[in-house]
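Residue numbers (the working numbering): -1 to 281.
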């Protein structure tokens, strides 16, 4: 029995979260732990800050007023989400628990991930509360520090019919592929798996293709391999769009050429696109 940790808020409703966990784990039994995401919103506050100006040769201090927008966690958790999560789990005959934490959500998810087999979190978590694009400053640190694999899923999750495994010849991408097959052997055996290698510069072959195919033959019922040149994130997104209900498998987020911050990584670009569930695993 696998223990799956689920972050539930307005972006990933209880029914969708339970359906996602169930479809991934069939036919194996699972135990679900729901962690409820407190609401995050912007508040408009008026603050007074001291300023100094020169009047002749003497500085004069005074308090000036300015308006500042702050993002705060309100601590409000929709009670109906808890009830719906309980009801859905009971209907499906799934063992479940509910945890609520009024502290730092990121710390709580990371702490509990040490004792879980998988973390499921919505790609739009926080987005509904403060608007704009995927809030990578919240999501990215959780994915980097999580002690178990994570599945980042869109709120309208409908299932998985194809699996897109991203491969770049590095240990991290192989590790993610192995984690996926170990976590979901039934899914790996029943779905069509598409292994894609993408390189920013032109290259005419896939790294260690013979060894890669030997591994794939042991774990995937039906698979094929592809090579693409160009921007990795855009090529992966475009490739995944060709298939019905794809799940993307990724290793540690690869940096763009010449480095960059984590939120600029290939992984976060693919996740931020928001159309596909993305399985993330790293050591």
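Heads up, the beta-carbon is just placed ideally off N, CA and C, and yes, glycines get one too.
Values in this document were obtained by computation on a predicted structure and should not be read as measured data.
Beta-carbon proximity list for residue i, same chain, < 7 Å, skipping 5 on both sides
i: residue 197; result: 227
i: residue 81; result: none
i: residue 179; result: 186, 217
i: residue 177; result: 147, 279
i: residue 156; result: 243
Simplified DSSP state of residue i, which is helix, strand or coil
i: residue 217; result: helix
i: residue 173; result: helix
i: residue 280; result: coil
i: residue 198; result: coil
i: residue 168; result: coil
i: residue 16; result: helix
i: residue 248; result: strand
i: residue 148; result: strand
i: residue 21; result: helix
i: residue 30; result: strand
i: residue 266; result: helix
i: residue 138; result: helix
i: residue 193; result: strand
i: residue 69; result: Any reading at residue 69 must be qualified, since the residue scores a pLDDT of 48, below 50, and its modelled position is unreliable; no value is offered.
i: residue 179; result: helix
i: residue 209; result: helix
i: residue 274; result: coil
i: residue 237; result: helix
i: residue 222; result: strand
i: residue 11; result: coil
i: residue 158; result: coil
Under 8 Å between C-beta atoms of residue i and residue j
i: residue 188; j: residue 219; result: yes
i: residue 158; j: residue 243; result: yes
i: residue 192; j: residue 165; result: no
i: residue 172; j: residue 276; result: no
i: residue 162; j: residue 237; result: yes
i: residue 279; j: residue 145; result: no
i: residue 26; j: residue 86; result: no
i: residue 248; j: residue 265; result: yes
i: residue 106; j: residue 33; result: yes
i: residue 137; j: residue 181; result: no
Sequence-distant residues of its chain with Cβ nearer than 8 Å to residue i (five each side left out)
i: residue 31; result: 1, 2, 3, 4, 94, 95, 96, 97, 110, 114
i: residue 11; result: 79, 82, 153
i: residue 240; result: none
i: residue 259; result: Any answer about residue 259 is weak, because its pLDDT of 31 lies below 50 and its placement is not dependable; what the coordinates show is given next. Around residue 259: no qualifying Cβ.
i: residue -1; result: 26, 27, 28, 29, 93
i: residue 194; result: 162, 163, 164, 165, 223, 224, 225, 226, 233, 234, 237
i: residue 199; result: 227
i: residue 20; result: 28, 90, 92
Own chain partners of residue i with C-beta closer than 6 Å, once the 5 adjacent residues on each side are dropped
i: residue 267; result: 231
i: residue 169; result: none
i: residue 274; result: 238, 244, 246
i: residue 190; result: 160, 220
i: residue 167; result: 205
i: residue 17; result: none
i: residue 214; result: 221
> Which residue spans inside the stretch 78 to 119 form an unbroken beta strand (DSSP E) run of at least 3?
Replying inline: With a minimum length of 3 residues, the continuous beta strand (DSSP E) runs that stay inside the stretch 78 to 119 are 93 to 97.
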